[in-house]
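Okay, structure first, notes after.
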Amino acid sequence: MFVLKVVPGTEMVTKKLIEDKGYKALCPRKIKTLRRKYRYTEVEKVIFTGYLFLDIELISDKDYYKIKDIVNVIGFLDSKHNLDDIDIKYIQLLNNNDKAIDKILVFFDEKRKAIVYNLDSSKSNNYLNTRNVLRVNARDKTITFSFKIDNLDKNVTFNYEEI
């Protein structure tokens, strides 16, 4: 998986342009509830503003320049900033089959350690490593994940549902 840096605010448009060229791009989104005066509104928010994830193993020179020439693509992150296997699994979980994610499924073991479950039943192991889990707030039912992208720590908070 490769990480693309794109112009912030244009992630969905750029994702569509990349997919029109025949590549698979991931843009994880979450549903956020906003309070406006006396009503609540749910909106989709991009989780990693300014980044897209290109879901391919290897990239040729031809593919590199084809993607780099797309409008709003700033460039690829260096290979030293590539994601490891665990981060890739979390990005795929957060992508949620290209739908905005509302809640994360979490199971707590006997030591109250949070185990995050993958909704995709076609995979052999349904749970993910808990290394990325930064904190769990049981009162608010929120879970915070930490990711290292482009040498920056990105913390993302979601509502969770206990299973």
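Numbering (our numbering), first residue to last: 76 to 238.
Glycine included, every Cβ here is placed at the ideal spot set by N, Cα and C.
Helix, strand or coil at residue i [DSSP, three-state]
i, result
"E236", "strand"
"I93", "helix"
"L227", "strand"
"Y192", "strand"
Between the CA atoms of residue j and residue i - distance to the nearest angstrom
i, j, result
"K164", "R110", "32 Å"
"D130", "D225", "17 Å"
"Y140", "Y126", "18 Å"
"Y240", "F220", "Coverage of the chain is limited to positions 76 through 238, which leaves residue 240 absent and any answer about it impossible."
"L252", "D184", "The first residue shown for the chain is 76 and the last is 238, placing residue 252 beyond what the model contains."
"S197", "I145", "Legend: pLDDT at S197 = 49, less than 50; position of this residue unreliable, value from coordinates given subsequently. Spanning the two alpha carbons is a distance of roughly 33 Å."
Environment of residue i [buried if 16+ CB atoms lie within 10 Å]
i, result
"L169", "buried"
"K143", "exposed"
"K188", "exposed"
"E28", "Since the first and last residues shown for the chain are 76 and 238, residue 28 lies out of range."
"K90", "buried"
Neighbour flag for residue i against chain D, beta carbons, 8 Å
i, result
"K137", "No chain D is present in this structure, which holds just one protein chain."
Residues of its chain near residue i, where Cβ-Cβ distance is below 7 Å and the 5 sequence neighbours each way are ignored
i, result
"P83", "T124, G125"
"K120", "R104, K105, K107"
Residue range of the unbroken beta strand (DSSP E) whose run includes residue i
i, result
"Y27", "Beyond the ends of the chain as shown, which are 76 and 238, falls residue 27; an answer cannot be given."
"N239", "Since the displayed the chain opens at 76 and closes at 238, residue 239 lies outside it and no answer follows."
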